[in-house]
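Chemist: Structure in structure tokens, see below.
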Amino acid sequence: MVESNPDNTFNLEIFEQLCEEVGDRLKMVSLSQVGNLDGISIPIKKIAKITHQYDALIAVDGAQSTPHMRVDVQDLDIDFISFSIHKMCGPSGMGGLWGRYELLDSLRSIQSGGQTVETSHYDSIKWAAPPSKFEGGLGNFAGMIASGKAIDYLSKLDMNTVHEHEIKLNKIITNKIKHLDAIEIIGPEDASHRGGICSILMGDLPSHDIAILLDEAAGVMVRSGQHCVHSWFNARGHVNGSLRASAYFYNTEEDANLFADTFTEAVEAFG
């Protein structure tokens, strides 16, 4: 595990030191391109280069990056990347895995069933080529069709423009709430380093109650809690978790101002 810097940015120096210590025992590096807690992007291309110097593989969690920025797997020189369709305006329960063909071809299937085999005998199996050998059983065809449409829709957008739009909204939010004494924004204060995510430590304030208040008072939907990174919060004593506002291409400056203003009123009321 690579310990992050105090501002939650990736510590490339520590990563290099750990790789050197592990040496040829290093087999795979697995990490998120963008953190779901704070929106911070990490230098995947540099990390991949270092990883491959040890003949190891790199697997990237792209759930938070693929919906918000252009991801070029060839340019990044990564071996695997996974992503979630529900974060790309698609249906829940769907996701994707991209991998270098020769690596996918070398993996064994963990679930046999319809279309996973090319042929079989009582004492042997010839697996189908990827990706079929990993897709046993009856497929979720409705989910696949909807996923394809969602990806087609996003493909028509300029993802660089989407990313800049999200940062613009995050700057509005950040500038309007950073003065509040009762809260602390997770990650760098400069919103350009946090994409469209503004996660806020609430101290002694009830993050769940404030999230409900935002919804009922202004129709603003946010996430409250520990955001699937319980270890991060528990290690730092933030048992109340945080409140996270996330912007996307369909959000407007009016939305950002509405959240910031309503949130400020709620914090002052509870404080």
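Note that the sequence shown covers residues 55 to 325 in the working numbering.
Glycine residues also receive a C-beta, built at the ideal position from the N, C-alpha and C atoms.
Given the structure is predicted, the values throughout are model-derived calculations rather than measurements.
(1) If residue 94 sits next to residue 87, beta carbons under 8 Å apart, how far is it from one beta carbon to the other, in whole angstroms?
(2) Look at the Cβ atom of residue 296, then the Cβ atom of residue 251, and state whether they are nearer than 8 Å.
(3) Is the beta carbon of residue 137 closer than 8 Å to that of residue 113?
(4) Using the rule of at least 16 other Cβ atoms within 10 Å of the residue's Cβ for burial, across every protein chain shown, is residue 275 buried or exposed?
(5) Only counting runs of 3 or more residues, tell me where the beta strand (DSSP E) segments fall wholly within the region 248 to 287, in order along the chain.
(6) Under 8 Å Cβ to Cβ from residue 65, same chain only, skipping five residues before and after it: list those, please.
(7) According to the Cβ coordinates, are residue 237 and residue 313 closer than 8 Å?
(8) DSSP three-state label for residue 112, please.
(9) Could you please give me the residues that DSSP links to residue 137 through a beta bridge?
(10) Please determine, among 271, 308, 119, 280, the residue with the shortest C-alpha to C-alpha distance to residue 261.
(11) Under the three-state reduction of DSSP, which class applies to residue 125: helix, strand or coil?
(12) Taking 8 Å as the threshold (C-beta atoms), are residue 149 and residue 167 in contact?
(13) Counting along the chain, where does the beta strand (DSSP E) carrying residue 85 start and finish?
(14) With 16 as the cutoff for other CB atoms within 10 Å, does residue 256 come out buried or exposed?
(15) Assess, as a yes-or-no matter, whether the region 151 to 163 is touched by the region 176 to 193 under the definition of 3 or more beta carbon pairs within less than 8 Å.
(16) Would you check if the distance between the CB atom of residue 102 and the CB atom of residue 130 is smaller than 8 Å?
(17) Need the endpoints of the beta strand (DSSP E) that residue 171 sits in, please.
(18) Can the beta-carbon of residue 211 be found closer than 8 Å to that of residue 143?
(19) For the beta strand (DSSP E) that contains residue 297, what are its first and last residues?
(20) What does a CB cutoff of less than 8 Å around residue 298 pick up in its chain, not counting 5 residues either side in sequence?
(21) What is the DSSP secondary structure of residue 180, counted as helix, strand or coil?
(22) Would you decide whether residue 3 is buried or exposed? Buried here means 16 or more other CB atoms lie within 10 Å of its CB.
(23) Which residues bound the alpha helix (DSSP H) around residue 71?
(24) Name the DSSP bridge partner or partners of residue 239?
(25) Tell me, please, which residues DSSP counts as bridged to residue 58.
Modeler: In short:
(1) Not confirmed; about 10 Å, so no contact.
(2) no
(3) no
(4) exposed
(5) 251 to 255, 277 to 279
(6) 56, 57, 58, 59
(7) no
(8) strand
(9) 150
(10) 280
(11) coil
(12) no
(13) 82 to 86
(14) buried
(15) yes
(16) yes
(17) 171 to 175
(18) no
(19) 296 to 300
(20) 91, 251, 252, 253, 254, 276, 277, 278, 281
(21) strand
(22) Residue numbering for the chain in the displayed model covers 55 to 325; residue 3 lies beyond these limits and cannot be assessed.
(23) 66 to 76
(24) 254
(25) Looking at the DSSP assignment, residue 58 forms no beta bridge with any residue, so it has no partner.
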